[in-house]
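Chains as they are written, first to last, in the working numbering: chain D, 1 to 395; chain X, 1 to 395; chain A, 1 to 395; chain B, 1 to 395.
First comes the structure, then the notes that go with it.
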């Protein structure tokens, strides 16, 4: 693609920490900050026709909040440099004009803006209509030639879908009408995106590509789907390390992972119905790689407010080697949740748009290295995922 | 190869901890102990015509010691199960009959048996002759149809080679005569092996495949060389983890590795001239994968007697991500040095013999996953090494 | 006290890991093994008239099991040396003759011996009678001149006591009759001990000295009570480290403790009603020392079978210093639960008997360094507890 | 003492990180920042007549640098809050007017200001005169009613003193003339302080109170000496934890400490002649508490530039308990070197002035909790040191 192509990055959770880091990061990258953390900027991919980062402009939904306050919080916790936060003020002013009301979880209605609470009153089909309206309005107002939607919302509660959703051939727009329900928010956003022909990236532990009716419909609609649940920290480590045990024929007896975090996500995950899928995703990686029922694995996530954005994982791995010798590995990973996720959002937007241009649709298996629970594949080995990703890019 | 083929596993350091673990391990595997830690026993390789473990019989050299005492030490430190040590008594008796005097380092002459000290008096050419004589005598006495030599000696001191050795076309047997010197022991054993047409595996931090005259000569002689310096613990971790940082575009600012061990190797490594190559090998892996001068890397090895065989590594990794966010990973690895190394010795013997049968000669690049400083390649990424190894096996 | 004084050590849980380690330990100490882990053997206390370890003989109750199998398990997991287990066979034979049926938790009835199940059928008052009968019978049969009872049972479930138990003046023997209930096992054993005039040591997370009717009665009866819940690992660390933060005016923001263990206690603690008190005890130490509501503290205990007796605790401590600087400390503690507890049982028996001889009765505050939830004091600072203990011994 | 008493805090290394943190900290404390990290502000000491922090004003020596740049560095590395650095600009301007040239180590002459290099040319006796002149000039210009000198210089090189210095009765002012030498800088500053009747606090690994001629003379001169080598991180941990092992009769087999830091001190400590004393001090604590030759202890300090002020210590402790069970503890401590040291400087200034008022002179044993190598005592147990300190304060 030649010449600047104005590109809309539509963020669900546009005032959250990750979104704020993405937005400030785009500004910093334009000013020459080295693109650390951006996979698409690796030398290997220097000749790939990724969308130019300077062409990406963020808009999106949120249920409440204030992007200035988020930025200030990120400055205080050492994620965003002070001068960048100062520099970004007008950028955030502009963003605020481009934020539409999101769809809160029922238990979050109390903290949501009234406009967001209003949407909660609507039947699902009208919610989807409203979201589509937002997308069309951004496209028009901002002159976007391309758009991509990314779900960065806080972990949502588990929900059962009514019958019909497990059929690949079904049409979600019809299912929503024929069997109304309290649908997962991720699905509502995803349906709106696909209905508008826009790639949808699910970066949170939520339903989307794993819903057959949704993924089949996206496939038929020519829209790529990327997901699920960004792989940024402890699970990234698991997917890098577990292959070592497998390839050395060392039997992993136990892998206990203790996660601590203090941000909004951490607070939401105190709710078991919101935590369960995330824990399942984190755990699935080990099963996927070690392929065994022998491993006693545990995953806990605790809310430790003083850590703010600095996610800390302490893992204990007990393993058995030659002649039954018991050995162990422990690790402690400490990283800024937002600084780890933000560059991947830009990577995934580029990947989704490249897939779109190449005419690919449905779950994008090549994006597996970026997700805890990758769509379209059971491969969890980070290195095999990267090999496949490299091959896909080069194609 | 069909039918039992009696195979000699010739160990340099035949009374050491690793050798002892190999020997008892062979016995345990014959009795049905699960083959944990053995790469060649992975399901992936189930149809590869590896030599049958039941056909492998150990002989070798050592400068002193008593294999019964080694076994007892390994029992006390929890590496070998008590019943296996009991069971192995007659095996060790037989091994003792098949141990020839090794070549000590000058500073070890005091602890060496008189027969080993005698060999130290000989000119290098005669030492090589003596070693070749040992090999021929084992072949005959034990009826070996195939043999392979593995260097498991304690880390040896650094030495400069006289001129001539950096030429691929030179003949080591002639160089040893024309320019006598205090040659590295690893080279003397290697020359003896190659002269007898036997594959040579260098599992220690020592000179061998990196000596052009030696590797060129092995290549012309049709003999495979595998090395160098077994990758069993901290460096294995580095080669599994560093690719993750590289592939996520995270800049590794510092990687400090603190190793503690309490066995004979640990004691020898207190001597700086013996430690330097090992440290260099451990450090080279990071440079090889991260390919950067940006990383401040440190490697220390400390002798902590109470740990005996339980090598403990504490690593601290400082890295930088998006917008300069500083993050960190720490790990502690604790494993039995002998239990980690022993199965790899069996793997490498099988690999060397397969290469030999396939007519391959010289440095065997495919064996890279097993070595800190792999011969014939600069690839240190464990996962890429394993891909290449898998492809080689399948060929 | 001069001359040998045959002393009965009555263990609740006499076939458990701790009891087995105590019993084998006594044997080893008699043969000259250095008394590591025994506080009463510190040079500071060399002139204290402790009971001679050679005079201590173990008897006790258990609901099931086989002390030979326990010993074998402890050998396999590396807690007891193989030769000691062999040596101890006749000792265990003799112990088996001196084990009376214990009182199982209802959910353990299935795994209990029939004799133990039978006791479960009895009204509480008769259970107490039966236990007293056991004590009298041991005294007679074994010729004990002194006895002390130690509760080493697996963590028991939380129970509410009927009215009356919170009165210091009440008589437990009457309360048991007047208001029958499903009483905590710890209380039944304790009542039996006190009724027989024997000091009672509660080493588990269970009700005893914290029940006013029980402790008041023991006090009036001239019987010392020691407890509660032995302080052997992570909590010991907390009580040693938290004073440092307090004394340096460093604000502890969060102290998250993750405990893993794989023994019978670990299995029982999977039951929330059995875990709650233990977690409360572990947590109370921080509150007691840091005296603040500012600390976010968490305690988890996970059952990780492969660890067996090797309790592993990973703690993360986040703290704030000068000008709000956020700092952190992490630690990993790995110790054999049984090897840590066993010597303290011997220490406590000696302390209880010394207190008894000195005519002290009721909760023994001086024993605080040994307990997570010390009776008779709110002091949790290990160092202050030790100062007081030293002063008490010297008195 | 009633009414404001203008107090001069004379810092050697006045432009360094610790000094800068002290100076900004004083400002923040005046504005109501909670006094975290300040021992003298603990509730226990609320009635002690400490000098009012508002009365303390910093002046001092340095060999080069710029306090604005130091402040900026501390802001970037997250030690000083951005607004405080902004607020402190005029404070630093004023400080710069009150900085006199320090005495560089010979190897630092190249980076020193010309005024500092000039002093290096002078004979020691004239250096001392110049330093005394600085002290008198500050007293006069700033109207100080009390003053105290604190050595915060970078670790200095080891030096041998000429004969005479090991005599308590000698007079340093005479020794400097009679046997000229390249004297340790710490001693020159200390002599100047004592000659002016000012308490001297040695916070670095340097010679001072351990020089008999110097400490005897200070004692006779009625001047308190406090030192040596501030105990802020890893060694603080050792002095808090080692008593636990001692009091539980657990034998510490090995205690290996790996320290990483990236500040100016870290760079200086790459020089072995500057590192040796610090390592000795860190190590002495274990010997002092465990009192045993059985412990294999190691201390390493590595310069890891990316860590800047965030000193990171990884310690591995191997210990033996009941029946020889081998257990282990690991910890990782991460703290800002400056934020840990700065409040202690204020504490020590207050303590020195209180001692002075009380008429105490010579090495002040009560200050032991603050030092790695405390003057006047062999007690290294933090808790016993604190008990003694508390008693001294209350006196």
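Glycine is no exception: its CB is placed at the ideal position from the N, C-alpha and C atoms.
Since the model is a prediction, treat every value here as computed from it, not as a measurement.
Nearest to residue i by alpha carbon, out of the options?
i                      : options                    : result
residue 264 of chain B : B:302, B:86, B:113, B:246  : B:302
residue 307 of chain A : D:261, D:296, D:230        : D:296
residue 248 of chain B : A:230, A:169, A:251, A:135 : A:230
residue 260 of chain D : D:93, D:233, D:343         : D:233
residue 114 of chain B : B:126, B:192, B:78, B:101  : B:101
residue 309 of chain A : A:42, A:76, A:29, A:52     : A:76
residue 171 of chain D : D:277, D:47, D:145, D:213  : D:213
residue 340 of chain A : A:241, A:39, A:132         : A:39
residue 258 of chain D : A:251, A:133, A:276, A:300 : A:300
residue 283 of chain A : A:293, A:292, A:298, A:272 : A:298
residue 52 of chain D  : D:383, D:349, D:281        : D:349
residue 112 of chain A : A:13, A:32, A:175, A:88    : A:13
residue 361 of chain A : A:389, A:221, A:293        : A:221
residue 31 of chain B  : B:70, B:84, B:41           : B:84
residue 46 of chain A  : A:174, A:56, A:35          : A:35
Tell me the rounded alpha-carbon separation between residue i and residue j.
i                      : j                      : result
residue 333 of chain B : residue 314 of chain B : 7 Å
residue 180 of chain A : residue 202 of chain D : 59 Å
residue 370 of chain A : residue 393 of chain A : 14 Å
residue 352 of chain D : residue 256 of chain D : 34 Å
residue 225 of chain D : residue 320 of chain D : 40 Å
Just verifying my parser: in three-state terms, what is the DSSP assignment at residue i?
i                      : result
residue 297 of chain D : strand
residue 228 of chain X : coil
residue 313 of chain A : strand
residue 320 of chain B : strand
residue 443 of chain B : Residue 443 of chain B lies beyond the stretch modelled for chain B, which goes from 1 to 395, so this question has no answer here.
residue 363 of chain D : strand
residue 207 of chain X : coil
residue 375 of chain X : coil
residue 48 of chain D  : coil
residue 40 of chain A  : helix
residue 347 of chain A : helix
CB-CB under 7 Å to residue i, same chain, minus the five flanking residues each way: which ones, in chain order?
i                      : result
residue 108 of chain D : 63
residue 325 of chain D : none
residue 338 of chain A : 17, 18, 21, 74, 79, 309
residue 273 of chain B : 157, 158
Sorted by chain position, which residues of the same chain lie with C-beta nearer than 8 Å to residue i's C-beta, five sequence neighbours on each side aside?
i                      : result
residue 91 of chain B  : 23, 24, 27
residue 379 of chain A : 288, 368, 385, 388
Below 6 Å CB to CB, which residues in the same chain sit around residue i once its five sequence neighbours on both sides are set aside?
i                      : result
residue 118 of chain X : none
residue 316 of chain D : 256, 330
Write down every uninterrupted run of the alpha helix (DSSP H) in the stretch 104-164 of chain X whose length is 4 residues or greater and which is fully enclosed by it, in chain order. 114-121, 124-142
Contained alpha helix (DSSP H) runs [length at least 4] in the stretch 209-294 of chain A, N- to C-terminal order: 212-220, 234-247, 264-268, 272-290
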